[in-house]
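Colleague:
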Amino acid sequence: MSPTQGIDSPKPVVSFEGSRDWQSLTCSIPESLARDLWDRCRVTGQSIGKVVASALAEHLQSDLSAIYQVSTAGALVHGLYKGDTTIASLREHGDFGLGTFDGLDGEMVAFDGVFYQVRGNGKVVIPPLETRTPYAMVTRFPGAGVKKIGPVNSFEQLRSRLDRLRTSDNIFYAIRIDGSFESVLTRSVFPTEEGCPLAEAASHQHEFPLKTIRGTLVGFWSPGYLSTVLVAGYHLHFLSEDKLAGGHLLDCSASDLHVQICPEADFRLTLPETRSFLGADLSGDPTADLRKAESSIHGDSSPTPNQRA
Ligand SMILES: [Zn+2]
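For the sequence shown, the numbering used here assigns the number 739 to the initial residue and increments by one for each residue that follows.
1) What residue does the alpha helix (DSSP H) around Phe-849 start on, and which one ends it?
2) Using a Cβ-based criterion (distance less than 7 Å to any ligand heavy atom), does Glu-845 qualify as near ligand 1?
3) Heavy atom of ligand 1 less than 7 Å from the Cβ of Leu-842, yes or no?
4) Under 6 Å Cβ to Cβ from Thr-805, same chain only, skipping five residues before and after it: list those, please.
5) Along the beta strand (DSSP E) that carries Thr-1025, what are the first and last residues, could you check?
6) In terms of alpha-carbon separation, which member of Leu-1007, Asp-1019, Gly-985 lies closest to Arg-857?
7) Would the region 814-824 count as touching the region 930-938 if we require 3 or more Cβ pairs under 8 Å?
8) Determine, using beta carbons only, whether Gly-860 and Phe-946 come nearer to each other than 8 Å.
9) Three-state secondary structure (DSSP) at Ser-762?
10) Pull up the CB-CB distance for Leu-987 and Leu-955, whole angstroms please, since I reckon it's below 8 Å.
11) Pull up the distance between the alpha-carbon of Ser-827 and that of Phe-834, whole angstroms please.
12) Does DSSP put Asn-868 in a helix, in a strand, or in coil?
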């Protein structure tokens, strides 16, 4: 139904067609409310479904599957590791994603409703809900049809296989990959003093070569035009099925992987109100420093943008 239809009916019917992952809804609402709805659609250019879903989500205190990011990659590059968002607060916006912890204390991997912390020494723990994060990216993973891919003999091959499953370079994709890996190379970071640049902190990172291991990769593909705000391209973190090993993905090989990849067009950014964040000069382009910090100390030291995972 177009925004201009139905306003003369005493009991307007609101109807919009469902798309994948959306349900169709038919209901009657007061004429005055219908007029306001049509006006909102006309002014904003949004579909009826978007406006109704946003209003319902706010009223029901439910979160649509938006990507929710805490702080910026540029802030991390500058050594701003003090977070003011707790895991308890973060999980209100999503329980699937990745990031790091207060003071750069390891890698975050979140899925199936649980937040895991892969410490610098490789040990995996479930952190208390009051633990804070200076940088994280989460969503409510909507799930998608499982696609089988493989074999892949490198992260580069995995990226090119995933590229075929994406339909745009301009929106986000939440990605979950389950399977049995022949090898996975991960890294994690040790707690670091506030102000120490990320590139220097990452030079002390530990890498973990894991062999013949089942597990899950969790993460996102993000558009390149946001490279000053986040890790553009593929950014994936790994956790083994036995929950004993994981970290930030540097490389992998596998013969048979099950991929779920979900497009996401809503993105929300919340910024810290810590003294260090408020006073920092974040006007520069952190892309080169981020690339250096995110690369493997034992691997390629000049990765392509999509290797900045
Ligand atoms: Zn990472």
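No residue lacks a Cβ here, since even glycine has one placed at the ideal position from N, Cα and C.
Everything numeric in this text was worked out from a predicted model, so none of it was measured.
Modeller: Judging by the given coordinates:
1) Position 111 of the sequence shown, counting from 1, holds the residue named residue 849. Note, Phe-849: premise wrong, no alpha helix (DSSP H); beta strand (DSSP E) at 845-849.
2) The count along the sequence shown starts at 1 and reaches residue 845 at position 107. Flag set: Cβ of Glu-845 near ligand 1.
3) The count along the sequence shown starts at 1 and reaches residue 842 at position 104. Exclusion of Leu-842 from the 7 Å shell around ligand 1 follows from its C-beta lying no nearer than that to any non-hydrogen atom of the ligand.
4) For this step, residue 805 is matched to residue 67 along the sequence shown. The sequence shown places Ile at residue 805, rather than the Thr named in the question. Cβ within range, chain order: Thr-877, Phe-910, Glu-1002, Phe-1005.
5) Numbered from 1 along the sequence shown, position 287 holds the residue referred to as residue 1025. Segment 1025-1032 is the alpha helix (DSSP H) holding Thr-1025; no beta strand (DSSP E) there.
6) Within the sequence shown, numbered from 1, the residue matching residue 857 stands at position 119. Out of Leu-1007, Asp-1019, Gly-985, the CA that lies nearest to the CA of Arg-857 is found in Gly-985.
7) Counting Cβ pairs under 8 Å, three or more are found: they touch.
8) For the purposes of this step, residue 860 is identified with residue 122 of the sequence shown, where counting begins at 1. For the purposes of this step, residue 946 is identified with residue 208 of the sequence shown, where counting begins at 1. Their beta carbons are under 8 Å apart, which means Gly-860 touches Phe-946 by this criterion.
9) In the sequence shown, the residue the question calls residue 762 occupies position 24. Residue state, collapsed to three classes: coil.
10) As a first step, residue 987 is located in the sequence shown; it is residue number 249 there, counting from the start. As a first step, residue 955 is located in the sequence shown; it is residue number 217 there, counting from the start. For Leu-987 against Leu-955, the beta-carbon gap comes to about 6 Å, under 8 Å, which counts as contact.
11) Along the sequence shown, read from residue 1 onward, the residue named residue 827 stands at position 89. Along the sequence shown, read from residue 1 onward, the residue named residue 834 stands at position 96. Rounded to the nearest whole angstrom, the C-alpha separation of Ser-827 and Phe-834 is 14 Å.
12) Locating residue 868 in the sequence shown gives position 130, where the first residue counts as 1. Note that residue 868 is Glu in the sequence shown, not Asn. Coil.
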